[in-house]
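In what follows, a single structure is set out as structure tokens and then discussed.
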Amino acid sequence: MSATAPLLPAVESFLKRAPRMLIGADWVEATDGALMTLSNPATGEPLCQVPSATPADVERAVLAA
Numbered sequence: 032m033s034a035t036a037p038l039l040p041a042v043e044s045f046l047k048r049a050p051r052m053l054i055g056a057d058w059v060e061a062t063d064g065a066l067m068t069l070s071n072p073a074t075g076e077p078l079c080q081v082p083s084a085t086p087a088d089v090e091r092a093v094l095a096a
């Protein structure tokens, strides 16, 4: 038997936002605008899209840390 709980409203709201990643104090898109889809591990269904960081994005994040 398996059961899944519905997403909390705050989580649903967050997942509907434009995909951004936090670098330093700024929410930014991936440098090349690429996205990747994450799946709900409980159901295997697509859950949301997130930025797919490039090496340049990683460098920006390291410098901002």
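The sequence shown begins at 32 in our numbering and counts up one residue at a time.
A virtual CB, placed ideally from N, CA and C, is assigned to each residue, including glycine.
Please read all numbers here as calculations on a predicted model, not as lab measurements.
Cross-strand partners of residue i (DSSP beta bridge)
i, result
"D5", "The shown model of the chain, from 32 to 96, leaves out residue 5, and the question about it has no answer."
"L69", "C79"
Residue i to residue j span [Cα, whole Å]
i, j, result
"W58", "L69", "19 Å"
"L53", "P37", "26 Å"
"E43", "L78", "10 Å"
"F45", "N71", "15 Å"
"G75", "A84", "23 Å"
"V89", "K47", "24 Å"
"D63", "R91", "14 Å"
C-beta atoms of residue i and residue j nearer than 8 Å
i, j, result
"E60", "P86", "no"
"Q80", "P40", "no"
Other residues of its chain near residue i: CB distance less than 7 Å, five sequence neighbours each side excluded
i, result
"G55", "A95"
Cβ separation of residue i and residue j, assumed to be a contact under 8 Å, to the nearest whole Å
i, j, result
"T35", "A73", "5 Å"
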